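Asks: Residue 8 is where the sequence shown starts when you use my numbering, and the numbers rise one by one after that.
Positions of the beta carbon are idealized from the N, C-alpha and C atoms, including for glycine.
Predicted model, so just to flag it, every value in this text is computed and none were measured.
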Amino acid sequence: MPVERIAILSDVHGNLSALEAVLADAASRGVTRIVNLGDDVGKGPRGSAVEDRCHEVCEVNVRGNWDDFLPRWADESAPEMVWWRDELRPDQRERLAARPLCHDLLLSGRRVRLFHASARSLYTRVHFHHTPEEFASMFAATDLTGPGPEPTVVGYGDVHDAYLEIDRGRTLFNTGSVGNPLDEPTPVYAILEGVVDSPDPAPFALQHVRVPYDVEAEIAVAYELGMPQADQWARELRTAVYRGLHEQSD
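1) With a floor of 3 residues, list each beta strand (DSSP E) that falls wholly inside the region 143 to 185, ordered by position along the chain.
2) Do V38 and D67 have their beta-carbon atoms positioned less than 9 Å apart in this structure?
3) Between the C-alpha atoms of C61 and P139, what's the straight-line distance to the nearest angstrom?
4) If you measure between the beta carbons of P86 and L103, is that distance less than 9 Å?
5) By DSSP, does R60 sit in helix, in strand, or in coil?
6) Quick one, which of D59, Y130, L129 has its alpha-carbon nearest L3's?
7) By DSSP, does E66 sit in helix, in strand, or in coil?
8) Any idea which residues DSSP pairs H137 with across the strands?
9) Please classify H136 as buried or exposed, where buried requires at least 16 other C-beta atoms within 10 Å of its C-beta.
10) Contact defined as beta carbons within less than 8 Å: I believe H20 pairs with V69. What is the distance between those atoms, to the nearest angstrom?
11) Between the beta-carbon of L121 and the beta-carbon of D204, is there less than 9 Å?
12) How far does the alpha helix (DSSP H) with D18 in it extend, from its first residue to its last?
13) Are the CB atoms of G153 and G45 nearer to each other than 9 Å?
14) From the DSSP output, in three-state form, read off A212 for me.
15) Assuming Y196 contacts V10 under a Cβ cut-off of 8 Å, what Cβ separation, rounded to an integer in Å, is found between them?
16) Does V202 come out as helix, strand or coil in the three-state DSSP assignment?
17) What span of residues does the alpha helix (DSSP H) with V119 cover, start to end?
18) Do the CB positions of V258 and F180 come within less than 9 Å of each other?
19) Quick one: residues in its chain with C-beta nearer than 7 Å to the C-beta of S256, no 5 flanking neighbours on either side, listed in chain order?
20) Based on DSSP bridge pairs, tell me the residues matched to N43.
21) Measuring only the C-alpha atoms, how far is I13 from I198?
22) Can you tell me whether M234 is buried or exposed, with buried defined as 16 or more other CB within 10 angstroms of its CB?
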């Protein structure tokens, strides 16, 4: 059976330039399927365009925490939140709300589970530096994942920090962020390679790919559109340092 390549991307956050760079790179590598682990919107200036593009090209779009809370955000809130919310059309808000929380697939005999943040919740965060208990919890069957068999490979997004960890036959990886990377200022995504839907052992590969893009052009879009917090956004994109850490050091 043929080996296929599946791109796993996450956390585009309205950065259309970074998304297009990643999609072009994936196409050049013979990727046949794309799974998006969510957080298309918020933080960056073009959440609506990103949501449309992901809806068009991704086989599966999983719901992220920003996809979950932003469409129902109250009017009486921070102006940047209202700006990001109102950039979305009503049909996009409905699509985001209808996204699944988890996606499972079988690849070269390995059970792969994909979600945005954790097996527990969209809002439970598991960082690169985590406890053994947190590692184990990512493989658990929960209300979010459903009662299916325990996976051998788990992938997620949320923390914008790409990594790969293997322990006792279980593989945990974070895709990193396409649009708002916080480990180094270069968009990153993951590629899974194997025989799709095969219960039998077969060659399997997992790699991260970094894709440069014109960050200054994307920053210029935020200012042209009058996006609130454009200064903070620009600083994050240039430095890959979370804006809250910048504020603590200033």
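Replies: The structure says:
1) If only complete runs of 3 or more residues are kept, the region 143 to 185 shows the beta strand (DSSP E) at 160 to 163, 170 to 174, 177 to 181, in order along the chain.
2) The sequence given here places Val at residue 67; Asp does not occur at that position. In terms of Cβ geometry, V67 and V38 do not form a close pair [threshold 9 Å].
3) Their Cα atoms are separated by approximately 34 Å.
4) Not closer than 9 Å, so no.
5) The answer is helix: DSSP assigns R60 an H, G or I state.
6) Outside the shown range of the chain (8 to 257) lies residue 3, about which nothing can therefore be said.
7) Shown here, E66 sits in coil according to DSSP, grouped into three states, outside any helix or strand.
8) Paired residues: none, contrary to the question.
9) When all chains shown are included, H136 counts as exposed.
10) Contact annotation, H20 with V69: C-beta distance approximately 15 Å; criterion of less than 8 Å not satisfied.
11) No, the Cβ-Cβ distance between L121 and D204 is not below 9 Å.
12) Run containing D18: none; DSSP gives neither H nor E here.
13) Cβ distance not < 9 Å, so G153 and G45 don't count as in contact.
14) Three-state DSSP puts A212 in a strand.
15) About 19 Å; that fails the 8 Å criterion.
16) In this structure, V202 counts as coil in the three-state DSSP scheme.
17) No alpha helix (DSSP H) holds V119; the beta strand (DSSP E) holding it covers 117 to 122.
18) Missing from the structure shown is residue 258; the chain here goes from 8 to 257 and no further.
19) With a pLDDT of 45 at S256, under the threshold of 50, the predicted position of this residue should be treated as unreliable, though the coordinate-derived value follows. Taking S256 as the centre and dropping the five residues before and after it, the same chain places no C-beta closer than 7 Å to its C-beta.
20) N43 is bridged to L16, N68.
21) Separation of I13 and I198 (C-alpha to C-alpha, rounded to the nearest whole angstrom) is 6 Å.
22) A residue is called buried when at least 16 other Cβ atoms come within 10 angstroms of its Cβ; M234 meets this threshold and is buried.
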